[in-house]
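Student: The structure follows.
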Ligand SMILES: Cc1cc2nc3c(=O)[nH]c(=O)nc-3n(C[C@H](O)[C@H](O)[C@H](O)COP(=O)(O)OP(=O)(O)OC[C@H]3O[C@@H](n4cnc5c(N)ncnc54)[C@H](O)[C@@H]3O)c2cc1C
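Shown next, in the form of structure tokens:
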């Protein structure tokens with residue numbers, strides 16, 4: 027496969043861009059693989075890539091029921107940060123951040139990774155105290171954090187209303203300067219291209235409809251394109267985790283599926299050059315390279331497998347956006363959509379062996395799975411290759427929900443919709 031370079035761009039321009047090779051092959055399923063990965067989202071593709079690159083395991087199939095990138099990897103608001111408070115989460119997400127920092131070079135694919143900073147706004151002195159505690163916890167882990175006063179925020183985010191004549195005046199904020207955004211589709215395409223280069227079969231429109239078992243041991247999958255066997259079957263299906271696990275007769279998972287919406291406005295000249303979150307409600311907003319403002323907020327608040335949402339959440343996030351940036355009030359909304367979120371009961375993910383022999387599980391990503399993509403793939407590949415977790419995902423077990431060792435990142439208790 028040719029590398030992308032200035033030279034290949036010029037060469038292909040001279041032939042009218044008609045001779046570019048496919049980014050990945052349209053592979054046909056084989057009857058047997060060393061590893062089957064169910065789910066061709068960001069995590070499944072990253073897992074395949076790191077299995078091949080880091081562990082030399084290349085006889086791998088990624089089975090995707092739709093088109094590649096049609097799940098949450100192509101639906102998120104692309105925020106990347108590693109400012110989590112619990113050490114297990116901080117270390118894991120910081121590993122992801124470091125992988126992000128080298129990802130475009132590693133994959134020879136432009137991720138449009140933009141470390142424009144993520145600013146979380148505080149609206150009460152109590153919230154500022156909590157941010158100072160979070161910032162200090164993060165700094166102790168060697169991760170970047172800055173506490174900002176209102177004047178500094180006003181300087182960094184010119185359109186933001188920082189006056190006092192509002193219900194929730196801004197009193198300061200916490201910034202992670204290395205946080206930012208990346209192009210979500212490029213992440214899927216880049217990992218797919220990288221995995222394909224190593225010989226991984228990416229098989230689209232191939233839905234897993236059942237598991238083949240020998241006693242309790244999973245030995246393969248039934249699919250809409252025939253049965254496929256493998257000694258290792260890895261599940262990475264995000265919001266569909268509960269339904270796929272049910273196919274293996276595992277009826278109860280500590281995960282709820284909820285809709286989360288994203289919104290994009292008509293394009294504007296550069297206005298917001300960072301990511302900002304509203305601390306008195308739930309809203310995160312940034313500006314895409316095409317100029318549209320990209321924003322989202324809370325879950326729709328009911329369990330659903332529909333990839334679209336309803337108006338009350340739109341009204342809620344639009345109100346928060348206008349509270350923060352009054353000059354957005356007359357903007358037109360161009361698009362909105364929803365994705366199915368795999369909300370775990372403690373706000374932290376699961377990357378582990380099991381729960382059945384021959385099975386491996388990556389799930390429970392809540393709001394944080396996009397930024398986790400590189401590290402989730404990296405750690406999941408390690409877990410599959412070694413039949414044991416890496417130190418970075420050793421705490422992300424499934425049985426923590428049975429033995430009480432939960433990682434309650436938000437301190438909200440077992441309420442998935444609040445994570
Ligand atoms: C609106 C929205 C905004 C978000 N914003 C952010 C953000 O700003 N930052 C952040 O870090 N995270 C964000 N997230 C979360 C993030 O997108 C997800 O956590 C992450 O993408 C999940 O991992 P994935 O990419 O592998 O999932 P997906 O892309 O959903 O991949 C799972 C795949 O499994 C496939 N599948 C399901 N069942 C089967 C089956 N039976 N057989 C075969 N294939 C199957 C699906 O079709 C899907 O393609 C957001 C999510 C949404 C919806």
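Residue numbers (my numbering): 27 to 445. Where is the CB? At the ideal position from N, CA and C, for every residue including glycine.
1. Determine the direct distance from the alpha carbon of residue 236 to that of residue 419, and round the result to whole angstroms.
2. Closer than 6 Å: is that where the CB of residue 290 sits relative to any heavy atom of ligand 1?
3. Provide the residue span of the alpha helix (DSSP H) that contains residue 282, from first to last.
4. Which residue marks the beginning of the beta strand (DSSP E) containing residue 132, and which one marks its end?
5. For the beta strand (DSSP E) that residue 153 lies in, which residues bound it at each end?
6. How is the alpha helix (DSSP H) around residue 77 delimited, first residue to last?
7. Sorted by chain position, which residues of the same chain lie with C-beta nearer than 7 Å to residue 77's C-beta, five sequence neighbours on each side aside?
8. How should residue 435 be labelled, buried or exposed, when 16 other C-beta atoms within 10 angstroms of its C-beta is the threshold for buried?
9. I need the straight-line Cα distance from residue 56 to residue 394, nearest angstrom please.
10. Do you know whose CA, among 113, 127 and 201, lies nearest residue 167's CA?
11. Can you give me the start and stop residues for the beta strand (DSSP E) that residue 399 sits inside?
12. Closest to residue 182 by CA distance: which of 33, 297 and 208 is it?
13. Assign residue 33 to one of three DSSP states: helix, strand, or coil.
14. According to the neighbour-count rule (16 or more other Cβ atoms, all chains shown, within 10 Å of its Cβ), is residue 425 buried or exposed?
15. For residue 88, which residues does DSSP report across the bridge?
16. Who are the Cβ neighbours of residue 279 in its own chain at under 7 Å, not counting the five residues just before and after it?
17. Taking residue 367 as part of the beta strand (DSSP E), name the residues at either end of that continuous run.
18. So the beta strand (DSSP E) residue 304 belongs to, where does it begin and stop?
Tutor: Answer, in terms of the structure:
1. 28 Å
2. no
3. Segment 281–291 is the beta strand (DSSP E) holding residue 282; no alpha helix (DSSP H) there.
4. Run containing residue 132: none in the beta strand (DSSP E); it sits in the alpha helix (DSSP H), 113–133.
5. Per DSSP, residue 153 belongs to no beta strand (DSSP E); it is in the alpha helix (DSSP H), 151–166.
6. 68–81
7. 61, 83, 86, 407, 410 and 411
8. buried
9. 34 Å
10. 113
11. From DSSP, residue 399 is part of no beta strand (DSSP E) but of the alpha helix (DSSP H) over 395–412.
12. 297
13. helix
14. exposed
15. 63 and 228
16. 267, 268 and 271
17. 359–370
18. 301–304
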